[in-house]
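Please read the structure below before turning to the comments.
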Amino acid sequence: MSTTVPGTPAPPETKTRGATGWLSWLGINILHLWPLALVLIAWDLWVVINDYSALIAPRPWAAISDVITQPDQYASDTLFTALMSLGGLVVGTAVGTVCAILVWWSAALSGVVTPAALILRSVPISALIPIIARLVGYDDKAVFVSIVVITFFPSFVFVLSGLSSIPAAGRDLFAVMGAGKPQLLLRLGLLHSVPNLMISVRITAPIAVMAAILTEFLIGQNGLGALFAEARSYRQWDLAWGTAVIATVLSVAIFLSARWLERRVTDRVT
Numbered sequence: 001m002s003t004t005v006p007g008t009p010a011p012p013e014t015k016t017r018g019a020t021g022w023l024s025w026l027g028i029n030i031l032h033l034w035p036l037a038l039v040l041i042a043w044d045l046w047v048v049i050n051d052y053s054a055l056i057a058p059r060p061w062a063a064i065s066d067v068i069t070q071p072d073q074y075a076s077d078t079l080f081t082a083l084m085s086l087g088g089l090v091v092g093t094a095v096g097t098v099c100a101i102l103v104w105w106s107a108a109l110s111g112v113v114t115p116a117a118l119i120l121r122s123v124p125i126s127a128l129i130p131i132i133a134r135l136v137g138y139d140d141k142a143v144f145v146s147i148v149v150i151t152f153f154p155s156f157v158f159v160l161s162g163l164s165s166i167p168a169a170g171r172d173l174f175a176v177m178g179a180g181k182p183q184l185l186l187r188l189g190l191l192h193s194v195p196n197l198m199i200s201v202r203i204t205a206p207i208a209v210m211a212a213i214l215t216e217f218l219i220g221q222n223g224l225g226a227l228f229a230e231a232r233s234y235r236q237w238d239l240a241w242g243t244a245v246i247a248t249v250l251s252v253a254i255f256l257s258a259r260w261l262e263r264r265v266t267d268r269v270t
């Protein structure tokens with residue numbers, strides 16, 4: 001039987017197990033990237049079989065090489081798109097959660113909020129972006145607002161589903177104890193909705209990247225979408241395809257991060 005003195009560093013074997021667990025997590029997520037590898041192989045075969053020149057479509061290795069050898073061309077725009085996507089995702093999720101709480105709280109508010117949310121969801125993203133730009137300006141604010149508008153709906157639906165499915169036993173217990181609706185919401189409803197909320201974050205994460213790039217492409221001055229538009233205008237095809245590669249990697253990375261966060265939060269709550 002071994003003893004450990006409080007305040008001493010963790011034994012080496014504990015650190016080894018932690019490193020092994022991290023490597024195992026990394027390996028599992030790399031295995032999930034096989035669809036991306038399949039796309040790269042299909043892309044290369046498509047170019048070779050059709051005998052396309054680099055002016056029409058470069059091979060994937062040329063685009064990837066351009067990203068690796070000239071990272072300064074992509075760094076600032078990649079960071080801009082990533083920050084915009086994450087910021088819009090966080091704010092959109094918060095807006096959707098607040099709207100879900102309002103609908104759950106009041107039937108009168110439900111009659112106002114739910115139709116508005118459904119109307120926004122039914123409008124195509126390509127039609128929403130010009131309207132948003134007209135309202136807030138043709139700059140980076142329009143990119144952020146577009147991401148928020150596009151990403152709020154999943155959290156609205158999932159959080160409302162969690163609030164609506166609070167167990168009857170829990171409602172009865174809170175009623176017997178004399179708790180009001182605020183206590184029911186704070187102590188039971190929100191906790192019961194956390195797994196649903198994390199599912200919405202996982203689903204919405206890649207959509208946030210797509211919304212950011214599309215808005216940047218149409219009206220933005222910064223970000224991967226604007227970089228792609230500029231590269232296409234000047235027929236810099238390696239740069240354009242390299243931008244597409246980075247956009248794909250960024251979308252996959254944000255999705256995997258959201259899934260990891262979902263598992264961590266759900267394990268803590270359940």
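Count the sequence shown with UniProt numbering and you get residues 1 to 270, in order.
C-beta: ideal position from N, C-alpha, C; glycine also.
Bear in mind that the values here come from a model prediction, so they are computed numbers and not experimental data.
**Message:** Do T93 and S155 count as a contact pair if the criterion is CB distance below 8 Å?
**Reply:** The residue you call residue 155 lines up with position 155 of the sequence shown. The residue you call residue 93 lines up with position 93 of the sequence shown. Yes, the Cβ-Cβ distance between S155 and T93 is below 8 Å.
**Message:** Let me confirm a value: G96 is counted as buried when at least 16 other C-beta atoms fall within 10 Å, else exposed. Which label applies?
**Reply:** As a first step, residue 96 is located in the sequence shown; it is residue number 96 there, counting from the start. In the assembly as shown, G96 is a buried residue. Its beta-carbon has 16 or more other beta-carbons within 10 Å.
**Message:** Considering Cα atoms alone, identify which of L40, L38 and A75 is closest to D239.
**Reply:** For the purposes of this step, residue 239 is taken as the residue at position 239 of the sequence shown. Checking the displayed sequence, the identity of residue 239 turns out to be Leu instead of Asp. Nearest C-alpha to L239: A75.
**Message:** Among the candidates V98, P130, I56 and S106, whose CA atom is the shortest distance from the CA of G220?
**Reply:** In the sequence shown, counting from the first residue as 1, residue 220 sits at position 220. Looking at the Cα atoms, P130 is the closest of the given residues.
**Message:** Within the continuous alpha helix (DSSP H) that includes P206, where are the two ends?
**Reply:** As a position in the sequence shown, residue 206 is number 206, starting the count at 1. L190 to I219 is the extent of the alpha helix (DSSP H) around P206.
**Prompt:** To the nearest angstrom, how far is it from the Cα of S110 to the Cα of L185?
**Reply:** Within the sequence shown, the letter at position 110 stands for residue 110. Within the sequence shown, the letter at position 185 stands for residue 185. C-alpha separation (whole angstroms): 16 Å.
**Prompt:** Span of the alpha helix (DSSP H) holding residue 278?
**Reply:** The requested residue 278 is not part of the displayed model; the chain covers only 1 to 270.
**Supposed close pair A247, A205 - CB separation, criterion 8 Å** = For the purposes of this step, residue 247 is taken as the residue at position 247 of the sequence shown. For the purposes of this step, residue 205 is taken as the residue at position 205 of the sequence shown. Actually they are not in contact, since the Cβ atoms of A247 and A205 sit about 14 Å apart, beyond 8 Å.
**Request:** My understanding is that W34 touches P60, with C-beta atoms under 8 Å, so please give their C-beta distance in whole angstroms.
**Result:** Working through the sequence shown from its first residue, we reach residue 34 at position 34. Working through the sequence shown from its first residue, we reach residue 60 at position 60. Not confirmed; about 15 Å, so no contact.
**Request:** Please look up how many angstroms separate the CB atoms of T243 and A142, rounded, as I've assumed it's under 8 Å.
**Result:** Position 243 of the sequence shown, counting from 1, holds the residue named residue 243. Position 142 of the sequence shown, counting from 1, holds the residue named residue 142. That pair is no contact at about 20 Å.
**Prompt:** Where do the N-terminal and C-terminal ends of the alpha helix (DSSP H) with P115 fall, by residue?
**Reply:** The residue labelled residue 115 in the question sits at position 115 within the sequence shown. It spans A107 to S122 - the alpha helix (DSSP H) in which P115 sits, taken as one unbroken run.
**Prompt:** Cβ of L261 within 8 Å of Cβ of V176?
**Reply:** Within the sequence shown, numbered from 1, the residue matching residue 261 stands at position 261. Within the sequence shown, numbered from 1, the residue matching residue 176 stands at position 176. Not in contact: L261 and V176 (Cβ atoms no closer than 8 Å).
**Request:** Return helix, strand or coil for residue 274, following the three-state DSSP convention.
**Result:** Residue coverage of the chain in this structure runs from 1 to 270, which leaves residue 274 outside it and unanswerable.
**Asked** Do the CB positions of T151 and P195 come within less than 8 Å of each other?
**Response** Here residue 151 corresponds to residue number 151 of the sequence shown, with the count starting at 1. Here residue 195 corresponds to residue number 195 of the sequence shown, with the count starting at 1. No, Cβ-Cβ distance for T151 and P195 is not below 8 Å.
**Prompt:** Which residues in the same chain have their Cβ closer than 6 Å to the Cβ of W241, if we skip the five residues on either side of it in sequence?
**Reply:** Residue numbering aside, residue 241 sits at position 241 when the sequence shown is read from its first letter. Around W241: P58 and A63.
**Where P167 falls: helix, strand or coil (DSSP)** = Locating residue 167 in the sequence shown gives position 167, counting from the first residue. Three-state result, P167: coil.
**Request:** Starting from D44, trace the alpha helix (DSSP H) both ways and give me its first and last residue.
**Result:** Walking along the sequence shown from the start, residue 44 turns up at place 44. D44 -> alpha helix (DSSP H) spans W34 to N50.
**Prompt:** Between which two residues does the alpha helix (DSSP H) containing L256 stretch?
**Reply:** Locating residue 256 in the sequence shown gives position 256, counting from the first residue. L256 -> alpha helix (DSSP H) spans W237 to V269.
**Distance, A229 Cα to W237 Cα** = Within the sequence shown, residue 237 is the residue found at index 237, counting from 1. Within the sequence shown, residue 229 is the residue found at index 229, counting from 1. Spanning the two alpha carbons is a distance of roughly 11 Å.
**Item:** G88 beta carbon less than 8 Å from that of A253
**Value:** Position 253 of the sequence shown, counted from the start, is the residue given in the question as residue 253. Position 88 of the sequence shown, counted from the start, is the residue given in the question as residue 88. Going by C-beta atoms, A253 is not nearer than 8 Å to G88.
**Request:** Kindly list the residues whose CB is nearer than 7 Å to the CB of V84, restricted to its own chain and excluding five residues on each side of it in sequence; keep chain order.
**Result:** Here residue 84 is taken as the residue at index 84 of the sequence shown, counted from 1. The identity of residue 84 in the sequence shown is Met, whereas the question assumes Val. Result list for M84: V143, F144, I147, A212 and G223, in chain order.
**Request:** Taking only the alpha-carbon atoms, compute the straight-line gap between L120 and Y52 and give it to the nearest angstrom.
**Result:** For the purposes of this step, residue 120 is taken as the residue at position 120 of the sequence shown. For the purposes of this step, residue 52 is taken as the residue at position 52 of the sequence shown. If you take the alpha carbons of L120 and Y52, they lie about 42 Å apart.
**Asked** Going by other Cβ atoms of all chains shown within 10 Å of its Cβ, with 16 needed for buried, is F158 buried or exposed?
**Response** Against the sequence shown, residue 158 aligns to sequence position 158. That one is buried.
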